[in-house]
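So the sequence shown is residues 582 to 763, counted in my numbering.
The beta carbon of each residue, even a glycine, is placed where N, CA and C say it ideally should be.
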Amino acid sequence: MGTIDESNETICCEYISIILHACIHITRKLTGKNITIYPQFDGKNSGRVNYVINASEKLICVTGGKQHQIDIEFAQNVTQCKSAYQTNQKKRKAEEKHDYIFGIVTTTTAWYFLLYTPDGISCTSRNPLNIRFVESALEEGSEEEKDLHKNVKRVMEVIVGLLKDRVEDEKKPVMKKQRVQG
């Protein structure tokens, strides 16, 4: 089996999809909000984005790719976030406008979280949250299994937190920026 890094793009997209769908389900249960996910969304001004997560407007743009193309994935995600932000602004009344949108760039094993505002972009750091998929993680009780559970849980906590923040809109963007930065 090897590592997920050695797997093809379809398998990687399946892992990403499972994590995103689980996060959406959890957030729906916690907030009662109708949140949807659209796979392989193509924006007008941008390259391919694997997923867009919506409620009444676009909340998070998710771009997945290969590790050796991560710079391209970041550029595509920022472009998609900018486009989604502009679309959201056109659809809302002035007093209802949000001045941010979230982005996620992932290679399946590495997860980066972005906060896009018209004033700039914030990222978690140069060090992403990592999920190590290895065959030995299938052995019940192994250290690799414990690490896999811990790391998937951490990624999901961040995604659920971002979704909750966005649909509940309880915190100011400064607080959201702090959450994204770790």
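Nearest to residue i by CA position, among the options, is which residue?
i: GLN650; options: VAL643, THR687 and THR668; result: THR687
i: ILE682; options: THR705, ALA691, PRO699 and LEU611; result: PRO699
i: LEU719; options: HIS730, PRO709, LEU710 and ASN711; result: HIS730
i: LEU696; options: GLY684, CYS593, GLU749 and THR690; result: GLY684
i: ASN732; options: SER717, LEU611 and LEU710; result: LEU710
i: HIS606; options: GLU654, TRP692, ALA636 and ASN708; result: ALA636
Which one or two residues does DSSP pair with residue i in a beta bridge?
i: THR687; result: GLY645 and TRP692
i: ASN635; result: THR617 and LYS639
My understanding is that residue i touches residue j, with C-beta atoms under 8 angstroms, so please give their C-beta distance in whole angstroms.
i: ILE616; j: ILE634; result: 6 angstroms
i: ILE641; j: LEU744; result: 7 angstroms
For residue i and residue j, I'd like the C-alpha separation in whole angstroms.
i: VAL656; j: GLU738; result: It is worth fixing the name first, because residue 656 is Ala in this sequence and not Val. So the alpha carbons of these two residues sit roughly 25 angstroms apart.
i: GLY645; j: GLY722; result: 30 angstroms
i: TYR632; j: GLU724; result: 32 angstroms
i: ALA665; j: ARG735; result: 26 angstroms
i: LYS752; j: ASN658; result: Confidence is the limiting factor: at LYS752 the pLDDT is only 47, short of 50, which leaves the residue's position unreliable, though a coordinate-based value still follows. Each residue's Cα considered, the two are about 24 angstroms apart.
i: HIS679; j: GLU716; result: 43 angstroms
i: THR690; j: ASP728; result: 13 angstroms
Contained alpha helix (DSSP H) runs [length at least 4] in the stretch 692-738, N- to C-terminal order: none
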